[in-house]
Ligand code: URA
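Residue numbers (our numbering): 17 to 230.
What follows is the structure, encoded as structure tokens:
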């Protein structure tokens, strides 16, 4: 596929199922963002967090990754605690909340039905993930949230899956980056306590140590 750049257009036509879903929600909720959600944070950050895809009534409504999504509550509180964010996260894009040396993107930029992107949508949207990583000239650390984001990131880095197996709290060196994998901070994972706030904090404590030592 030709270089698509790091930013899909508002009317990106690449995934027919996601386009149809987007069109349905544009009609139903014209005031919502309803478009590929751009990355949040500066491209000169040393840390990139890769989520799965926008939530329907969260990032797809507001236009900022994890903003208004249940998963954003734990993510943004944890980033703030470890110095990767500042301000008061208020689930709105005009809350003045900013990321510090950190950027957040999604493996799939458009909201998928039932939060489940297909394999081909993940593959197609990698055309944006790959240049998003490539444009980050100071990038040192990547945190992948969940197996899908992890595997898509490993493929975007052109590394072998076996060289960076997914597992909560695992980390792998890929080229000049350290890729930290975490269970996704989704409502399901936190409600079932597959992921606790302490387990999530431990990942960012590890990232903080690595970046501070760099
Ligand atoms: N919202 C996002 O933007 N990404 C996720 O992975 C989950 C919720």
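Beta carbons are placed, not taken as given, at the ideal position from N, Cα and C, and that holds for glycine.
Note that the structure is predicted; figures quoted are calculated from it, not measured.
Below 8 angstroms, enough C-beta pairs join the region 49 to 69 and the region 140 to 155 to call them touching: three or more. Within the region 157 to 192, the complete beta strand (DSSP E) segments at least 3 residues long are 157 to 161 and 187 to 190, listed from N- to C-terminus.
Scanning its chain for C-beta atoms nearer than 8 angstroms, with the 5 sequence neighbours on each side dropped, one finds around residue 145 the residues 66, 121, 123, 168, 169 and 172, in chain order. Taking C-beta atoms as the reference points, residue 72 and residue 127 count as a pair closer than 8 angstroms. Here residue 28 is not near residue 46, since their CB atoms are 8 angstroms or more apart. In this structure, DSSP gives residue 141 a helical state, which the three-state scheme calls helix.
The alpha-carbon separation between residue 85 and residue 200 amounts to approximately 13 angstroms. At a cut-off of 7 angstroms, the beta-carbon of residue 128 does not count as near the ligand URA: no heavy atom of the ligand is closer than that. A direct Cα-Cα distance of roughly 19 angstroms separates residue 96 from residue 75.
Non-local C-beta neighbours of residue 148 in its own chain, meaning closer than 7 angstroms and more than five positions away in sequence, comprise 22, 55 and 121, ordered along the chain. The ligand URA has a heavy atom closer than 7 angstroms to the beta-carbon of residue 69. Residue 219 is positioned such that its CB atom lies no closer than 8 angstroms to that of residue 192. Setting aside the 5 residues that flank it on each side, residue 42 is surrounded in the same chain by 50, each with a C-beta closer than 6 angstroms to its C-beta; the list follows chain order. Counting C-beta atoms within 10 angstroms of its own C-beta, residue 119 has 16 or more neighbours from the protein chains shown and is therefore classed as buried.
When DSSP states are grouped into helix, strand and coil, residue 88 belongs to the helix group. Counting along the chain, residue 63 sits inside the beta strand (DSSP E) bounded by residues 63 to 67. Residue 165 counts as buried, since at least 16 other C-beta atoms from the protein chains shown sit within 10 angstroms of its C-beta. Comparing C-alpha distances from residue 69 to each of 150, 33, 125 and 105 shows the shortest one belongs to 125. The beta-carbon distance between residue 226 and residue 194, rounded to whole angstroms, is 6 angstroms. This is short enough to meet the 8 angstroms contact definition. Among the bridge pairs identified by DSSP, residue 198 is matched with 161.
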